[in-house]
Amino acid sequence: AQSVTQLDSQVPVFEEAPVELRCNYSSSVSVYLFWYVQYPNQGLQLLLKYLSGSTLVKGINGFEAEFNKSQTSFHLRKPSVHISDTAEYFCAVFDQGAQKLVFGQGTRLTINP
Amino acid sequence: DAGITQSPRYKITETGRQVTLMCHQTWSHSYMFWYRQDLGHGLRLIYYSAAADITDKGEVPDGYVVSRSKTENFPLTLESATRSQTSVYFCASSEGHNTDTQYFGPGTRLTVL
Chain L
754 AQSVTQLDSQ
764 VPVFEEAPVE
774 LRCNYSSSVS
784 VYLFWYVQYP
794 NQGLQLLLKY
804 LSGSTLVKGI
814 NGFEAEFNKS
824 QTSFHLRKPS
834 VHISDTAEYF
844 CAVFDQGAQK
854 LVFGQGTRLT
864 INP
Chain B
7 DAGITQSPRY
17 KITETGRQVT
27 LMCHQTWSHS
37 YMFWYRQDLG
47 HGLRLIYYSA
57 AADITDKGEV
67 PDGYVVSRSK
77 TENFPLTLES
87 ATRSQTSVYF
97 CASSEGHNTD
107 TQYFGPGTRL
117 TVL
């Protein structure tokens, strides 16, 4: 079964600073990877996804992620964060065998003014 | 309004009672999902449905029952609630599977006393 590990449970950063949220997945022949964001008291919404092609994926709200097959990573980055980016971020991989989306445990991003 | 809705948003019940959480989507998406979100576990799939009258177990199905008589509705029933089922429950839908984006409802916070 495929799995996802989010290496940081909490990431505090200052406003306008860059941020990287780390995600590693278990190796597989083909892999579909996702980043979802959950704002306070809301459901999850898709930030971006990697299916194939370019390893640099651009998403909404200025976020991007890079698929690195050799390091089995899919880290999420933003060059300059805003207070409104305060949320929990989930990395997910589609498990082809089990036919289900497998989520990491989440990273809570806190933006300090 | 179009989208995916859940009701109730908050529910307090007692151990042993039956509880039904409702989920409704207006997109006519084929797939629907139920997840539970617990601290330290991220999101875990309870059940999913590929179409009306087709349902399948996810990672943590014990103690839950689902049905899908209509494409737009996917209720989740806790037949005899237990304290361990205290959680936030999210319903989601997607047009297809594996690579398709899942759209999440706002969640139901269930407390079992």
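Chains as they are written, first to last, in the numbering used here: chain L, 754 to 866; chain B, 7 to 119. Yeah, the Cβ is synthetic: ideal placement off N, Cα and C, and Gly gets one too.
Residue 15/B, DSSP secondary structure in three states
Residue numbering aside, residue 15/B sits at position 9 when the second sequence is read from its first letter. In this structure, residue 15/B counts as coil in the three-state DSSP scheme.
Determine the burial state of residue 857/L: buried for a count of at least 16 other Cβ atoms within 10 Å of its Cβ, exposed for fewer.
What you label residue 857/L is simply residue 104 of the first sequence in a count that begins at 1. Its Cβ being crowded by 16 or more others within 10 Å, residue 857/L is buried.
Residue 815/L, DSSP secondary structure in three states:
Residue numbering aside, residue 815/L sits at position 62 when the first sequence is read from its first letter. Residue state, collapsed to three classes: helix.
For residue 767/L, list the residues DSSP reports as bridge partners.
Here residue 767/L refers to the residue found at position 14 of the first sequence. DSSP output for residue 767/L lists 865/L as bridge partner(s).
Spatial neighbours of residue 28/B within its chain, please: C-beta separation below 6 Å, excluding the five flanking residues on both sides.
By one-based count along the second sequence, residue 28/B stands at place 22. For residue 28/B, where only same-chain residues beyond five positions count, the Cβ hits under 6 Å are 13 and 81.
Please return the same chain residues whose Cβ sits closer than 8 Å to the Cβ of residue 20/B, not counting the five positions on each side in sequence.
Translated into the one-based positions of the second sequence, residue 20/B becomes position 14. Excluding positions up to five away in sequence, the list reads 87, 118 and 119.
What do you get for residue 772/L, buried or exposed, if any count of 16 or more other CB atoms within 10 angstroms of its CB means buried?
Counted from its first residue, the first sequence places residue 772/L at position 19. Buried, since its Cβ has 16 or more Cβ neighbours within 10 Å.
Helix, strand or coil, according to DSSP, for residue 791/L in the structure here?
Here residue 791/L refers to the residue found at position 38 of the first sequence. Residue 791/L: strand per DSSP, three-state reduction.
Could you check which residue in 68/B, 73/B and 62/B has the C-alpha nearest to that of residue 26/B?
Translated into the one-based positions of the second sequence, residue 26/B becomes position 20. Nearest C-alpha to residue 26/B: 73/B.
Answer yes or no: does any C-beta atom of chain B fall closer than 8 Å to that of residue 843/L?
Position 90 of the first sequence holds residue 843/L. Residue 843/L counts as touching chain B.
Three or more beta-carbon pairs under 8 Å between the stretch 784-803 of chain L and the stretch 100-113 of chain B, yes or no?
yes
Check the Cβ-Cβ distances between residue 31/B and every residue of chain L, and say whether any is below 8 Å.
The sequence position of residue 31/B within the second sequence is 25, counting from 1. Answer no: the Cβ-Cβ gap between residue 31/B and chain L never drops below 8 Å.
May I ask you to report which of helix, strand or coil DSSP gives residue 89/B?
For this step, residue 89/B is matched to residue 83 along the second sequence. Correct three-state label for residue 89/B: helix.
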